[in-house]
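K.L.:
First, the structure itself, so that you have it in front of you.
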Amino acid sequence: MPLMLPEARERAVLLTDVHTQLHLDLTSTEDFGVEATISFGCTQPGASTFLELNGGTDVTLDGGPASYSDGRIALTDLAASNTVRVTARMPYVTDGDGMTVTIDPADGERYVCAHTSMDIAQKVVPCFDQPDIKSTFTLTVTAPSHWTVLGNGPLEGRTAGESSDTWTFGTTPPFSSYLFTLVGGPWVSVTWDEPYAPAPGGTLPFGWHARASQGRELQRDADELKRITSACFQHYTTIFEPEYPYADYQQVFAPGLNWGAMEFPGCVVFRDQALTQGTPTELEREWLASTIAHEMAHMWFGDLVTMKWWEDSWLNESFADFMGYDVAGVAAGYTDAWTSAAITRKPAGYRADRRRSTHPIAEDTDKIVDVDTAFANFDMITYAKGNAALSQLGHWLGDEDFLAGVNKHLTAHAFGNADLAAFLDSLDSATDKDVRGWAEAWLRSTGFDTLQVTRDDGVPVLTREGSRSHRITVSAYDDAMRLVDSRDVHLGDEPVRLEDFAGRVVVPNSGDETFAVIRPDEQSWAAITGGLSSIESQLTRAMLWWTAVDLCESQVVPVGDVVALADTHLRPETHPLVFEGVMRALQSITRRYASPEEAAGHLAVIADIARGAVEGGDPALAAGASRVLARISADRDFLVDWLGRDDVDQNVRWAAVQRLAELGDDSWIGPEEQRDKSVSGHHAALAARAVVPTPDAKAAAWAQLMGGELGSHEFDAVGSGFWGWDQADLVRPYLERYVTDGLALARRSGQAMGDVIGDAFPLLPLPVDVRRELRTAVAAALEGDVPTVLARSWNDSLDDLDRTL
Ligand SMILES: [Zn+2]
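Under full-length UniProt numbering, the residues of the sequence shown are numbered 1 to 805, in order.
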C-alpha cells in the first residue's frame, strides 16, 4: 500500500532516534534473507505505527509471526523506547526496483545491487520509508567469497566462511531510507586515499568499481575518473562549510540501474553503460563529468540535508544539477559544460514547461499525495528548469551571497530535513535582495518568459512577455556577426531601450544566463541565420541553435528550414558539444515533425554533415558524428565496408549493424553478437532485431516486448529499435496495440516498467492522419484507469504529439 502524505506526517511526529541494524544473506540465488533490529523512540507511548516491507515472505516480528499485510508490519502499543526484530525472505528483481540481479552475459558472473530510492528501500529491508525519518544503519552481509561488497558505511571487517564471507560495515550517520544501498559481485576496483584534513589520518578511502568484464574500460578511464572525482571533492570541501559527512566515497558502475546515477551516501552508483565500451563522444564525456559532480553535490544537498516530503525534491535535484554543470567546469576542467546544458539540458526543461503537466519547481505539498505522484515530478522541471532558475538566482544575487545562503542552509539543517521556507530563511539572511519575491516568481510559478527585440527608429527595444525579472547579457553584432559590444541588463516589467546598439544585430541572453526563450527582431534573425557559424562564443551559438529548434517546435518554421540552417552552419561547426547537440536535435525534430515523405531527404542531409565531420579528421567531432552516420546512412556498401574494418569503434559497429537491419539486412546481427558478448552488446542486438522491417520480425519483437519477461533496460532496447525511421506502414498495426498491450503490461508491473513503457511511445515520421489515430487511442485509454507513472508519460506524449498536428 503506498504511503500517503497524512500518514507520513503523523509518523514523522511519532518517531524519533531511529537506529537500524541489518544482516543480509545473499548466498541463495532464489531469494535473500534479511534480519533487522530496529530501535526507535516514540513521542506518544501507547500509539501504533508500522514498518514497510514490500514483497516479504516468512515475515517474523520478535521471533513470532508478524501481523503483516499490504506491505506493512503492524507495530502496536509502543513504549517510549522500542526495539523490534524482523526477519524475512525477500525476492530478487530484474526491473531495477529493488535487489536487482544481473547475470553478465560476457562471463556469467552474478551481480546484486540494492537499487532503492523513492519508496523502493522497502523492497530490500524493513524500514520507515519516508524522507523525514532518518536512521543510522549498521550492516553485515554474507555473500559468495569471490565477491566484493560495498555499502553506505565504511568496510570494517571481513570474516571468511566455507564458500561465503561476511562483510561488516561501520555505522553510518543518520540518513533517509531511500538512500540505503549495498552492491555485491566480483567487481574490479581502482582505489586510493583521498587527502582530507578533517578525516582521521588525513585521508578518506575512495574508489571506482565496475563489473569484472568492464575491467579493460575501467583501467582505460581510471586516471580521468580519479582526476574528476578528486577535483570535485576538493572543490566541494572548500566551498561547503559542513564537513563531508561520510567515512568513504565509493562510485560503482552498477548494472540494472533505472536512473542515470543515484546519490547513495558514501556509495554512489552510475548506470554501467556510462563506462562506454568504445570511445565516448564529447557529450558523453561531459555528461559523466557533470554527473560525478552532481552526485557528489548530493552528499550535502539531499543526503546531509534532505527534503521533508517529495514536493521539495527540487531542493535535491535542482541544486545538484546546477552544481553538476558548474563544478564540472570550474573544478574538473570541463569548462564548456554550460554549452552542453544550453543545447541538451535546458531545451528539455522548456519542453517540459510547455506541457499541461508542468508544475512549479517547488510544488504545493498537498499535490504530492503519494510517492507515485512524486515519481512523475522527477522530471525536467525539477532538474533542468530548476538548475536554470538557480543559475539565474546565483547570477542575480552574486556568487558570494548565494554561497553564504547555501552554507547557512546546510549548516542549520545538517543530518535533518528542510523545506522551501527554511531555504528562503537561509538565503534571506545572506542578502538584502527580496529572495521571497524571487522565489514566488521563479519557484512557485509555471511557464517561461519570452524576451523580444523590436525596433523603434532602428533602436533595439527589449521587452519581456511574462512575469519574471531577468539579469542577462545582451550582445550586439555587426552584420557579419562579429561581436561589437555586450552589456549587463536587468529586464523586468519596463522595456529596455538599447540606444548604443542602434542599427546593430541584437542577441538577448547571449550568455544563456536565464530561463526564457528569445525572439530577435527580423533584421537580427536574418543576420543570425546568415552568419550563425561566425559567432565566436560557442555558448551563444548553442543558445541560438536551440532558438532555431524552438521555432520549429513552436511551428513557426518547418523542419526543413532547420535542416537547411544546419546544411550551411553546422558543417563549419568545430565545437564538439555544439555539433553533437545540434545533431541530436535534428534527429529528434525529424522524428517528431517530419512527414514520411520528407524524412529521407532530411536524413540524407544530416548523414552528409556527419560524413563531413568523420572525414574531416577531428577526433573530438568524429566520435559523435560516426555514430550518427552509422545510424542513419542509407549507403549499405559504406556500412558493410565499415564493419569489415578493425579500427571501428564498437558503438559505431552496432549502429551500423542496426542500420543495416533497418534497411533489410539482418545478417550482421548474429556475428556481431558473437564478437561482443557484453551487456551493451546484448542490448544493441535486441534493438537491431526489433528494427528488422518484416512482419515476422515485428511480430517477434512485439511478443518479446509485451511478454513481461524483459528487464527494464532490455525493454528500452527493444522499444528503441521497434519504431524504425521509415516503417510507418509496417508498424501501423502496432500503434493501437502499443496503447492496449502497453497498458495491460503496466497494470501488472511496477513504477520502473511504467516508466519504460511510456518511453517506448511511437516516435517516427508518421502521416498526419495516422498521428491523429494514435492521439485518439492514447486519449481514450487515458479516460480509463492508467497507472500514475504511465499516465503522466502518456499525457506528456499527447501534448508533444499535439504540437506536431
Ligand atoms: Zn540527482
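From the three backbone atoms N, C-alpha and C, an ideal C-beta is built for every residue, glycine too.
Given this structure, state the Cα-to-Cα distance separating S633 from Q727, to the nearest angstrom.
P.N.:
If you take the alpha carbons of S633 and Q727, they lie about 16 Å apart.
K.L.:
Suppose the cutoff is 8 Å on Cβ atoms and the five residues either side in sequence are ignored; what does the same chain contact list for residue 806 look like?
P.N.:
Nothing about residue 806 can be read from this structure; the chain reaches only from 1 to 805.
K.L.:
Tell me where the beta strand (DSSP E) around Y477 begins and ends.
P.N.:
Where Y477 is concerned, the enclosing beta strand (DSSP E) stretches over H470 to Y477.
K.L.:
Could you tell me if H470 is buried or exposed, where buried requires 16 or more neighbouring beta carbons within 10 angstroms of its beta carbon?
P.N.:
The residue is buried, with at least 16 neighbouring Cβ atoms inside 10 Å.
K.L.:
From the DSSP output, which residues share a beta bridge with V718?
P.N.:
The partner list for V718 (beta bridge, DSSP) is empty, contrary to what the question assumes.
K.L.:
How would you call residue 809, buried or exposed, if buried means at least 16 neighbouring beta carbons within 10 angstroms?
P.N.:
Given that the chain is displayed from residue 1 to residue 805, the structure contains no residue 809 and the question cannot be resolved.
K.L.:
Does L51 come out as helix, strand or coil in the three-state DSSP assignment?
P.N.:
If DSSP states are grouped into helix, strand and coil, L51 belongs with the strands.
K.L.:
Please return the same chain residues whose Cβ sits closer than 6 Å to the Cβ of M543, not counting the five positions on each side in sequence.
P.N.:
Counting only Cβ-Cβ distances below 6 Å, and skipping sequence neighbours, we find A342 and D512.
K.L.:
Please report whether the beta-carbon of N417 lies at a distance below 8 Å from any beta-carbon of chain C.
P.N.:
Absent from the structure is chain C; it holds one protein chain and no more.
K.L.:
Please identify the residue among T100, D119, L24 and F128 whose C-alpha is closest to the C-alpha of L14.
P.N.:
Nearest option by C-alpha distance: F128.
K.L.:
Is it buried or exposed for D432, if we count other Cβ within 10 angstroms and need 16 for buried?
P.N.:
It is exposed - the Cβ of D432 has fewer than 16 other Cβ atoms within 10 Å.
K.L.:
Please name the residue, chosen from G184, R158 and Q538, that lies closest to Y111 on a Cα-to-Cα basis.
P.N.:
Residue G184 is the option with its Cα nearest to Y111.
K.L.:
Taking the beta strand (DSSP E) that D449 belongs to, which residues open and close that run?
P.N.:
Here the beta strand (DSSP E) through D449 covers D449 to D456.
K.L.:
Any heavy atom of ligand 2 closer than 7 Å to the beta-carbon of D321?
P.N.:
This structure does not include ligand 2; its bound ligands are ligand 1.
K.L.:
Whose C-beta lies closer than 7 Å to the C-beta of C232 among residues of the same chain, with five residues either side of it excluded?
P.N.:
Hits under 7 Å: I292, A293, M296, V327, A331 and A332.
K.L.:
Quick one: is the Cβ of A320 within less than 7 Å of any heavy atom of ligand 1?
P.N.:
Checking every heavy atom of ligand 1 against the Cβ of A320, one is found closer than 7 Å.
K.L.:
Count Cβ pairs between the stretch 95 to 111 and the stretch 178 to 195 that sit closer than 8 Å; are there 3 or more?
P.N.:
These segments touch.
K.L.:
Would G207 pass as a contact of Q250 if the rule is Cβ separation under 8 Å?
P.N.:
Contact: yes.
K.L.:
Counting pairs of Cβ atoms below 8 Å between the stretch 398 to 409 and the stretch 421 to 435, do you hit three or more?
P.N.:
Yes: at least three Cβ pairs fall under 8 Å.
K.L.:
Would you report the Cα separation of W436 and V59, rounded to the nearest angstrom?
P.N.:
It should be pointed out that residue 436 corresponds to Arg in this sequence rather than to Trp. Each residue's Cα considered, the two are about 49 Å apart.
K.L.:
Go to V506, then tell me how far its alpha helix (DSSP H) extends in each direction, as first and last residue.
P.N.:
First-last for V506: V505 to P508, but that is the beta strand (DSSP E), not the alpha helix (DSSP H).
K.L.:
What is the C-beta distance between T172 and T166, in whole angstroms, given that I count them as a contact (C-beta under 8 Å)?
P.N.:
That belief does not hold up - the Cβ atoms of T172 and T166 are roughly 18 Å apart, past 8 Å.
K.L.:
Give the DSSP-derived three-state secondary structure of N417 in the structure shown.
P.N.:
The answer is strand: DSSP assigns N417 an E or B state.
K.L.:
Using the rule of at least 16 other Cβ atoms within 10 Å of the residue's Cβ for burial, across every protein chain shown, is G458 buried or exposed?
P.N.:
Exposed, since its Cβ has fewer than 16 Cβ neighbours within 10 Å.
K.L.:
Once DSSP output is grouped into helix, strand and coil, what is the label at T166?
P.N.:
Strand, per DSSP.
K.L.:
In terms of DSSP beta bridges, what is R497 paired with?
P.N.:
Partner(s): V461.
K.L.:
Name the DSSP beta bridge partners of M99, please?
P.N.:
Answer by DSSP bridge pairing, in chain order: A114.
K.L.:
Out of W310, I381 and R354, point me to the one whose CA is closest to D321's CA.
P.N.:
Checking every option, the nearest Cα to that of D321 belongs to I381.
K.L.:
Would you give the residue range spanned by the alpha helix (DSSP H) that S680 belongs to?
P.N.:
It spans V679 to A690 - the alpha helix (DSSP H) in which S680 sits, taken as one unbroken run.
K.L.:
By how many angstroms is the C-alpha of L565 removed from the C-alpha of R526?
P.N.:
The sequence shown places Ala at residue 526, rather than the Arg named in the question. So the alpha carbons of these two residues sit roughly 12 Å apart.
K.L.:
Does the beta-carbon of H575 have 16 or more other beta-carbons within 10 angstroms, so that it is buried, or is it exposed?
P.N.:
Answer is buried; the Cβ neighbour count reaches 16.
K.L.:
Using DSSP bridges, identify the partner residues of G33.
P.N.:
In the DSSP output, where bridge partners are listed per residue, G33 has D25 and R89.
K.L.:
Report back the beta-carbon spacing between L315 and F415 to the nearest angstrom; my notes put them in contact at under 8 Å.
P.N.:
The Cβ separation is near 15 Å, so there is no contact.
K.L.:
Got a sec? Which residues, its chain only, sit under 6 Å from L289 by beta carbon, not counting five neighbours each side?
P.N.:
What sits at residue 289 in the sequence shown is Ala, not Leu. Cβ within range, chain order: I228, A328, A332 and Y334.
K.L.:
Assign A430 to one of three DSSP states: helix, strand, or coil.
P.N.:
Of the three classes helix, strand and coil, the one that applies to A430 here is coil, per DSSP.
K.L.:
Tell me which residues share the same chain as G664 and place their Cβ nearer than 7 Å to its Cβ, disregarding the 5 neighbours each side in the sequence.
P.N.:
So the list reads P693, once near-sequence residues are dropped.
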